[in-house]
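Using the numbering used here, the final residue of the sequence shown is 108, and nothing's skipped along the way.
Heads up, the beta-carbon is just placed ideally off N, CA and C, and yes, glycines get one too.
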Amino acid sequence: MKKPTHYLWKSDFQTQTDYLNTKRKYTDLGFRVVTYQDGQKENDIHKGLKELIKNHYANKTN
């Protein structure tokens, strides 16, 4: 069975230790953790990922 994914924004954490503790918490719960270091957390990440995939496939067909 595939692990569910949990997304974290690096800018949400004051220290590296806070980030690592939160990441460890989610991985211990069985999540695959993806961390974004750049960008605005207010932006809809799913919209960005869809555009990235769409651009990737457009480049393969050209």
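Assigned with DSSP and collapsed to three states, Leu54 falls in strand. By the CB criterion at 8 Å, Lys49 and Gly76 fall inside the cutoff.
In the structure shown, the three-state DSSP call for Thr68 is helix.
Straight-line measurement puts the Cα of Ser57 at about 27 Å from the Cα of His102.
Excluding sequence positions up to five before and after Thr63, its CB lies less than 6 Å from no other CB in the same chain.
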